Amino acid sequence: MRVWVDLTNSPHVLVLRPVVQRLRAAGHEVQVTARDFAQTVELARRHGMDAQVIGHHRGGRVAAKALGLADRSFALARWARGRRFDLALGHGSNDVTVAARLLRIPCSTMFDYEWATVQHTVNCRLAQAVVVPDAIPPERLDRYGARRKLAPYAGLKEEYYLADLEPDPAVLDELGVAADQPLAVVRTPPSVSLYHRFENDVFAGVLQHLRERAQTVVLPRTSDQRAELARAGGFVVPERAIDAPSLVALADVVVSAGGTMNREAVALGTPVWTTFEGRLGAVDERLIAEGRLRKLARPEDVVVAARGAGGGGPERVRRDPQVLVDLLCRPVAR
1 MRVWVDLTNS PHVLVLRPVV QRLRAAGHEV QVTARDFAQT VELARRHGMD
51 AQVIGHHRGG RVAAKALGLA DRSFALARWA RGRRFDLALG HGSNDVTVAA
101 RLLRIPCSTM FDYEWATVQH TVNCRLAQAV VVPDAIPPER LDRYGARRKL
151 APYAGLKEEY YLADLEPDPA VLDELGVAAD QPLAVVRTPP SVSLYHRFEN
201 DVFAGVLQHL RERAQTVVLP RTSDQRAELA RAGGFVVPER AIDAPSLVAL
251 ADVVVSAGGT MNREAVALGT PVWTTFEGRL GAVDERLIAE GRLRKLARPE
301 DVVVAARGAG GGGPERVRRD PQVLVDLLCR PVAR
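For the sequence shown, the numbering used here gives the first residue as 1, with consecutive numbering after it.
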């Protein structure tokens, strides 16, 4: 089988890494395309996926996103035409579902946040399988035409793609961070996302709070955020792609305004706080109800405690990535 995997954002590299590995180990040919955005291309290469770079991010405005979708989808279709793919895969990639439909290639899509309306209206209608966590009530996806295509899985996607992770302390040396000192990891807000259009005063406050109490590694999403952090000073800001999952696993606390790093911390057993101000998805609703994820109201609520000294954290959970492989391959299952 010839499989096409498209990566449009940095987290998707980690999500689809074990899928690519399992497919190749089973004897299938896998080719990867990537959008030049954030650290997607660099991470893909770091994880052994020699991706063909096609297109770039057009910015956060709706009109720019629409133009980017059209341009990149047609560029992908031109690249894929004649390569005789049997299946196309993506995590929230509108581009690959549009291109696959143009070329009549069966396609599967994944996501775990149900309120990205524009994205899912496209993906769910064009894909043949919609792979989502079972925490999302099916009725929330009816508006996207997904009900008959759903392929649900238990738990978090992070519990699958991080199942084989054994934290590498080399990332601490790479960042110049001391292993015997309190460590906080912070992920900035996804300021270009349509579903997160808020100025977050709590987030700014927590940066100051953590800087005074711990070694604080901040992972920015954009060059503007990086420049702002440099002006503020007092933070460790990586200049290139790093082994972020190992960093999260070794941290004493994680604070993130997005979703993926929050759930990575939960999956890896690290105490985690969310400052997300958009509409909560079902996955985060469940994690908060279970006490595995905490919603941050005040910066001073974050306690930086050594994990071995009462810092606590959720229990680590590992799940077999083959489950995701099988679900994603449903459109061509025989």
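For every residue, glycine included, the Cβ atom is placed at its ideal position computed from N, Cα and C. Everything numeric in this text was worked out from a predicted model, so none of it was measured.
Using a Cβ-Cβ distance cut-off of 8 Å, the stretch 232 to 240 and the stretch 293 to 309 are not in contact, since fewer than three pairs of beta carbons, one from each stretch, lie closer than that value. Taking one beta carbon from each stretch, the stretch 125 to 133 and the stretch 91 to 107 have 3 or more pairs nearer than 8 Å; the two touch. Between Leu-324 and Tyr-144 the beta-carbon gap is near 20 Å, outside 8 Å, which marks them as no contact. Unbroken alpha helix (DSSP H) stretches of 4 residues or longer found wholly inside the stretch 133 to 190: 157 to 161 and 170 to 175, given in chain order.
A check of alpha carbon separations from Glu-212 across Val-122, Pro-299 and Arg-24 identifies Pro-299 as the nearest.
In this chain, the beta strand (DSSP E) harbouring Met-110 covers 107 to 110. Residue range 253 to 256 is occupied by the beta strand (DSSP E) that includes Ser-256.
In the structure shown, Ile-54 falls within a strand segment according to DSSP collapsed to helix, strand and coil. The alpha-carbon of Val-5 is positioned some 15 Å away from that of Gly-55. Assignment of beta-bridge partners to Trp-273 by DSSP yields Val-255 and Arg-294. Rounded to whole angstroms, the gap between the alpha carbons of Val-13 and Val-53 is 13 Å. When secondary structure is reduced to three states using DSSP, Ala-25 falls in the helix class. Residue burial is scored here from C-beta neighbours: Arg-263 has at least 16 other C-beta atoms within 10 angstroms and is therefore classed as buried. Within 10 angstroms of the beta-carbon of Gln-119 lie 16 or more other beta-carbons, which makes it buried.
A straight line joining the alpha-carbon of Val-186 with that of Gly-82 spans about 44 Å. In the DSSP secondary-structure assignment, Arg-2 is bridged to Glu-29.
Around the beta-carbon of Gln-215, 16 or more other beta-carbon atoms lie within 10 Å, marking it buried. For Thr-260, the enclosing alpha helix (DSSP H) has its first and last residue at 260 to 268. Remark: C-beta atoms of Ala-265 and Leu-165 do not approach each other more closely than 8 Å. With fewer than 16 neighbouring CB atoms inside 10 Å of its own CB, Glu-285 falls in the exposed class.
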